[in-house]
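Protein chains in written order, with my numbering: chain A, 52 to 221; chain B, 38 to 636. The beta-carbon is built from N, C-alpha and C at its ideal position, and this holds for glycine as well.
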Ligand SMILES: Cc1ncc(C[n+]2csc(CCOP(=O)(O)OP(=O)(O)O)c2C)c(N)n1
Ligand SMILES: [Mg+2]
């Protein structure tokens, strides 16, 4: 099947009450209605108020994106649903931990590339590094691709966190 | 809804000082504070403490069903015929899983239910304990919301929240799962005064701009039609009253969904009959040719729209719904209005008056066109003197019940569609059918629930011989509680609707759709201690129906009807509204390959 040319990728931020099962509700909604999840990040953001923030990157036609937001809004523990892609210009970042093993010229090259990308070496042994890199997903993709021939062992990515620009809360 | 809330609040204030009680006692207390009179349930190990509290209470009436699915459908019938929430009490594990069909049914048809399930003790959860299942996990997608209450401190709040969420906004079923140790623990009970939910606040008041835009579009329309749905009935009797006022004020024609029957009186001149797959010719053609479609509390279900890209192609569309996720879901609309139906209708009526609007004189020729479509007489059928036609049976049943306080439930199949087409409803809340889920076995237990709420009314389940066997055991419940429900079985010895589709789409290969080895329904009725009546000839029908109505006991009526009758008109799946098959059409219906894929 050909990809529908109208398919767009959106980053949606969902503020929820941090009650048991709330993540299952959100994920179950996506699975049950056949929506895509490209990235999902969740953590408690206000301990006192007991609220969490879920950032989900999804894709679909504009009509499907509209449905996803409406369906999310219908869940009882959801406070707000904001589309960072259309409603509020926002900033998106992802963090990755990247393990690279190698010696000699490859090891030196891995270090050089990490400096260009402003990645931090969190762990170093004679034969390996663990780098921490933060940025937009495309930057992390590029970093991983460059590390592949240099002895890439494994990658752990956080998924996207997003926030709107300017002084206002979302 | 607001009123109910304030009475609950008043009661809650009276109950000072705060009292200590067990979790089980809190459940009973909360039910009473919410004004509950009847509950439908079935006991088991994980709800014994609640059953014990129930034993010591002498106000709540508990109806013991024979299967938990029956309890949920009975509660649905109760809720839909009263406008009050239905309450169910079942045990953990199999008790909870047996309730799942009813929960899904209630979710699809927006029926307010509070279902309380027992759960194994908190320290056993996750250990595969006896009769443990992940009730909140299983019911998450088939409830409006659910809770597992791990601490007795949370129980009073959750109980009241459960009623609040089930009954407000777009109504729906909720589940409160209570572990057995929480039922035994003592805690302080609080009333319902503190319900102000942190996140849940459905929008009730419509945007006045949208209302003004709507009435202007209505006044400009030359070929308008109202298309109302179950949302009008769920909003309460006031919404039905206002709907009538608006429809008469504008002079527009009106059709409704299966779920919306009764909101507008079927005897009215402006009534077109139901829309959709088995709706009338005039209703579907109006939807197809109109220049303005005004959807009120209806959700453009696929049974209504047929092929979506050919649905009402030339019209502007207004869509009023309390649930924002319904807007633009199946059909793109020009003007959405979010809010409670009664409030929005009130606002539309006021705006129409304030702006001194009148309908476009063009609608006179629209009515001329409609008269032409009506003259097709799309519900006509060829009667017989030797065999009872199912349509004839419903017509006679309707005539015999006219003027009586009658409630009708149905099972699912051809009989349901004939009931929808032929039984005329004048008031809301008198028609209970499984629309969204299409659950065979709904009608009999739903009739139990309706009769519980309306002991003096005539409650009839228009049934099929296949469907009714799915929940037949509830005849025993009807006998136990002296509920004189009438199960009127249109016995065609087939899963008629399946047979009709097999005839249409599968070359007449009637794979497993014959109702083999049927019980003798008359003897079966007698075995239950109910009354069995059989009719086989058209000329004995009236007398037998009269006998059924006269007897003040539950009745199984075995009405032997034509086995091969098909239900028309019909829009084959995947077709448009103007491609309807009528009873007398010569041509074989054409079903596209795409249409065959659809259910
Ligand atoms: C629980 C359930 N299982 C299967 C179906 C599919 N189905 C729809 S109508 C029907 C036949 C119903 O037969 P009957 O009750 O005799 O009614 P009739 O169509 O003959 O009037 C079936 C099997 C369903 N709707 N519900
Ligand atoms: Mg049948």
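Go ahead and label residue i buried or exposed: buried means 16 or more other beta carbons lie within 10 angstroms of its beta carbon, across all protein chains shown.
i, result
"residue 61 (chain A)", "buried"
"residue 105 (chain B)", "buried"
"residue 90 (chain B)", "buried"
"residue 183 (chain B)", "buried"
"residue 95 (chain A)", "exposed"
"residue 315 (chain B)", "buried"
"residue 205 (chain A)", "exposed"
"residue 178 (chain A)", "exposed"
"residue 306 (chain B)", "exposed"
"residue 529 (chain B)", "buried"
"residue 50 (chain B)", "Because the pLDDT at residue 50 (chain B) is just 45, under 50, the model does not fix this residue reliably, and the point stays unresolved."
"residue 58 (chain A)", "exposed"
"residue 93 (chain B)", "exposed"
"residue 75 (chain A)", "exposed"
Using CA coordinates, which residue listed in the options is at the minimum distance from residue i?
i, options, result
"residue 79 (chain B)", "B:96, B:152, B:67 and B:148", "B:152"
"residue 321 (chain B)", "B:303, B:304, B:291 and B:301", "B:291"
"residue 543 (chain B)", "B:401, B:250, B:632 and B:369", "B:632"
"residue 104 (chain A)", "A:131, A:126 and A:110", "A:131"
"residue 593 (chain B)", "B:486, B:579 and B:571", "B:571"
"residue 66 (chain B)", "B:159, B:224, B:171 and B:179", "B:224"
"residue 610 (chain B)", "B:357, B:270 and B:347", "B:347"
"residue 254 (chain B)", "B:354, B:214 and B:244", "B:354"
"residue 414 (chain B)", "B:464, B:391 and B:317", "B:317"
"residue 383 (chain B)", "B:418, B:330, B:312 and B:284", "B:284"
"residue 273 (chain B)", "B:208, B:295 and B:249", "B:208"
"residue 147 (chain A)", "A:59, A:69 and A:212", "A:212"
"residue 65 (chain A)", "A:123, A:78, A:144 and A:89", "A:123"
"residue 55 (chain A)", "A:167, A:112 and A:120", "A:112"
"residue 501 (chain B)", "B:519, B:555 and B:335", "B:555"
How would you write the range of the alpha helix (DSSP H) that residue i sits in, first residue to last?
i, result
"residue 23 (chain B)", "Missing from the structure shown is residue 23 (chain B); chain B here goes from 38 to 636 and no further."
"residue 535 (chain B)", "533-542"
"residue 221 (chain A)", "Counting along the chain, residue 221 (chain A) falls outside any alpha helix (DSSP H), and DSSP gives it neither H nor E."
"residue 264 (chain B)", "That residue, residue 264 (chain B), is in no alpha helix (DSSP H); its beta strand (DSSP E) goes 261-265."
"residue 518 (chain B)", "Looking at the DSSP string, residue 518 (chain B) is not in any alpha helix (DSSP H), and its letter there is neither H nor E."
"residue 173 (chain B)", "172-176"
"residue 307 (chain B)", "Unbroken run through residue 307 (chain B): none, as it is neither H nor E."
"residue 128 (chain B)", "Looking at the DSSP string, residue 128 (chain B) is not in any alpha helix (DSSP H), and its letter there is neither H nor E."
"residue 198 (chain B)", "192-204"
"residue 388 (chain B)", "378-391"
"residue 161 (chain A)", "155-167"
"residue 558 (chain B)", "558-565"
Compare the C-beta of residue i with all C-beta atoms of chain B and state if any pair is closer than 7 Å.
i, result
"residue 158 (chain A)", "no"
"residue 121 (chain A)", "yes"
"residue 202 (chain A)", "no"
"residue 177 (chain A)", "no"
"residue 127 (chain A)", "yes"
"residue 83 (chain A)", "yes"
"residue 174 (chain A)", "no"
"residue 97 (chain A)", "no"
"residue 130 (chain A)", "yes"
"residue 79 (chain A)", "yes"
"residue 68 (chain A)", "yes"
Thinking residue i and residue j are a contact (beta carbons under 8 Å), I'd like their distance in whole angstroms, please.
i, j, result
"residue 215 (chain A)", "residue 140 (chain A)", "7 Å"
"residue 499 (chain B)", "residue 445 (chain B)", "6 Å"
"residue 176 (chain B)", "residue 212 (chain B)", "5 Å"
"residue 396 (chain B)", "residue 287 (chain B)", "5 Å"
"residue 477 (chain B)", "residue 507 (chain B)", "5 Å"
Which residues mark the beginning and the end of the beta strand (DSSP E) in which residue i is found?
i, result
"residue 146 (chain A)", "141-152"
"residue 119 (chain B)", "Run containing residue 119 (chain B): none in the beta strand (DSSP E); it sits in the alpha helix (DSSP H), 105-119."
"residue 128 (chain A)", "Premise fails: residue 128 (chain A) is in no beta strand (DSSP E) and is neither H nor E."
"residue 61 (chain A)", "59-68"
"residue 58 (chain B)", "56-59"
Does residue i come within less than 7 Å of chain A when only Cβ atoms are used?
i, result
"residue 429 (chain B)", "no"
"residue 129 (chain B)", "no"
"residue 236 (chain B)", "yes"
"residue 178 (chain B)", "yes"
"residue 182 (chain B)", "yes"
"residue 290 (chain B)", "no"
"residue 42 (chain B)", "At residue 42 (chain B), the pLDDT of 35 sits below 50, so the modelled position is not reliable; the number obtained from the coordinates is stated separately. No, residue 42 (chain B) does not count as interfacial toward chain A."
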